[in-house]
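Take 1498 as the starting number for the sequence shown in this note's numbering and just add one per residue. We put the CB at the ideal spot given by N, CA and C, even for glycine. Source: prediction; values computed, not measured.
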Amino acid sequence: MNRLALVAAASLATACVHPGPGPSRPGSAQPERAAAERLSREAEQRFAAGEWDAAARLAGQAQEAGLASERLEDLQGVALLLQGDTPAALSVWERSAPLRIATIRTAGVSGVDAGALASRAGMRVGMPLTAAGFTRAVRRLHDRASTAGAAIRVEPRSREEVDVTLVVTPREGLQGGKTTLVAQTAGAWLREAVDLTWTGGPAWSAGVEFQGRWQTGRRRVAVRVIDALPSSSRRVDLVGTLSEGTFLDGSGTRREAIASLGMRTGGWLSPDVFWGASVSGDRWSAGSATRAAWRFGLQTEVRGANDRVRIRVEAERGRATQGAFQTGIVSLEAHTAPAAADGWRASALGGVRTASQSTPLLRWPGAGTGQARVPLLRAHPLLVDGALDLRGAFGRSLVHASVELQSPSARLGPLHVRLGIHSDLARVGDRANDLPRLVAWDAGVGLRMRTLAGWTARGDLSWGLLDGERAASVGLVRPWDPWR
């Protein structure tokens, strides 16, 4: 493995799982605290001596022993970052503010726009660079489906500034050349998976990617045009989708389908602010009736608290032959620690989703076990024999909130198993067939099994606290995603 690969791998190691310190014994808190502080001091000494491996290891051990601080996190991240770099890195930690990026350039492949690649990673000249920001940038680059790979190398210029080199390398495929597989690893497949969804497919040097998405009661197929190399200032995806679903009410079933073709683009305005825009043309069919429509959408996402808080706002407006329609989403997501961290972990997700009266049923919000819609209400499944039940938590307005507390993880071979307790709350209005407003509150317990690929398999037993409903559900949970 060459040095650039080591740098990228080392940066990603800040998210790797370390074995936990185990439960505390009564009366052992003070000795453990003293031991953690001793590890922290030794980590700083090793860092000052330029012993990056030892500094990173000791900083990690101090955090595992219960001494959590941003300084330790940054020390560990920067030490991992600087393994093998020049002696000038000795002065990196002698600062009270983050280093700033002085220059950004590319190397490895000619004709690649450094500014475009830096924008994709969420970096720009003059931007403060922390260990956490560096890790996010590496992940964003590695998550992009492309026939070229990219790594980041950082070298200190002075006590205040660093030079950033974005190294682009062609990826060798099964038959050589610049052919590659979009699903390069199981983790790349599963990062896109939610519950019963599968995605993957080949990409060629011409820049064509195929994605398939199948879910119970709903099918979706997408074809996207991507960059063969990350050379354009803004990535533009050409997206075609075919979605269909069956809806169940008291009088029988109805079917809807939407065929769509459009374009989508977006980028990072800063390390913590993302924007996106899309436009598409649709053809809707419900029974024997069909109509044409167009849609325009905007999206923004703001991160905070070192990627532990995420606020998303999405708005979409369109016009069909029978009038205008719009949808909107506002959500807040937070967690106390990354999924890879040991110890107790709490997370919360809440938001508001709306759809206007002319919006097709396929785009209405709902809450259930996660297979038909993202918001969770785990004692109230939305799907019945593959059809979406209009009598469930499904309507044109949805207010939802979910909280979860997970125990420290236990190792089971390559798996990391946690016990979780959860509570889901939803209020649904403007329901189909003039049904009254629905308010539901669920709670339950379950298991979480996280693999080395990064995704989490969940199994839950849930009970309705207001109506006595109960259900068991399983699925794959998208990891907390500090990349795009």
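(request) Compute the Euclidean distance between the alpha carbons of G1815 and A1789, then round it to the nearest angstrom. (result) 11 Å
(message) Please classify D1769 as buried or exposed, where buried requires at least 16 neighbouring CB atoms within 10 angstroms.
(response) buried
(request) Give the range of the alpha helix (DSSP H) segment to which A1553 is assigned. (result) W1549 to E1561
(message) Comparing C-alpha positions only, which one of L1846, A1845 and P1862 sits nearest to S1853?
(response) P1862
(message) Give me, in chain order, the residues of the same chain whose beta-carbon lies closer than 8 Å to that of V1942; leave out the 5 immediate sequence neighbours on both sides.
(response) L1916, G1917, I1918, H1919, D1957 and L1958
(message) At the level of alpha carbons, what is the spacing between P1625 and R1934?
(response) 48 Å
(message) Less than 7 Å between the C-beta atoms of W1938 and L1922, yes or no?
(response) yes
(message) Spatial neighbours of A1783 within its chain, please: C-beta separation below 6 Å, excluding the five flanking residues on both sides.
(response) E1753
(message) For A1618 and G1747, what's the separation of their Cα atoms in angstroms?
(response) 50 Å
(message) Classify D1931: buried if its beta carbon has 16 or more other beta carbons within 10 angstroms, exposed otherwise.
(response) exposed
(request) Pull up the CB-CB distance for W1781 and A1817, whole angstroms please, since I reckon it's below 8 Å. (result) 7 Å
(request) State the Cα-Cα distance for the pair A1786 and G1778, rounded to the nearest angstrom. (result) 17 Å
(request) Can you have a look at A1802 and say buried or exposed, based on whether 16 or more other CB atoms are within 10 angstroms of its CB? (result) exposed
(request) Could you please give the first and the last residue of the uninterrupted alpha helix (DSSP H) stretch that includes S1616? (result) A1611 to A1618
(message) I'd like to confirm the pairing. Which residues does DSSP put opposite L1758 in its beta bridges?
(response) G1737 and G1778
(request) State yes or no: is the C-beta of P1653 within less than 7 Å of the C-beta of V1661? (result) no
(request) Assign C1513 to one of two classes, buried (16 or more other C-beta atoms within 10 Å of its C-beta) or exposed (fewer than that). (result) Low local confidence applies: a pLDDT of 34 at C1513 is under 50, so the model's placement there is unreliable, and no value is given.
(message) My output table needs one value for P1528: the three-state DSSP class, helix, strand or coil.
(response) helix
(message) Tell me the rounded alpha-carbon separation between R1633 and W1841.
(response) 23 Å
(request) Could you have a look at R1870 and say whether DSSP puts it in helix, strand or coil? (result) coil
(message) Would V1900 and R1924 qualify as a contact pair, given that the criterion is a beta-carbon distance under 7 Å?
(response) no
(message) I'd like to know whether the C-beta atoms of L1880 and A1869 end up nearer to each other than 7 Å.
(response) yes
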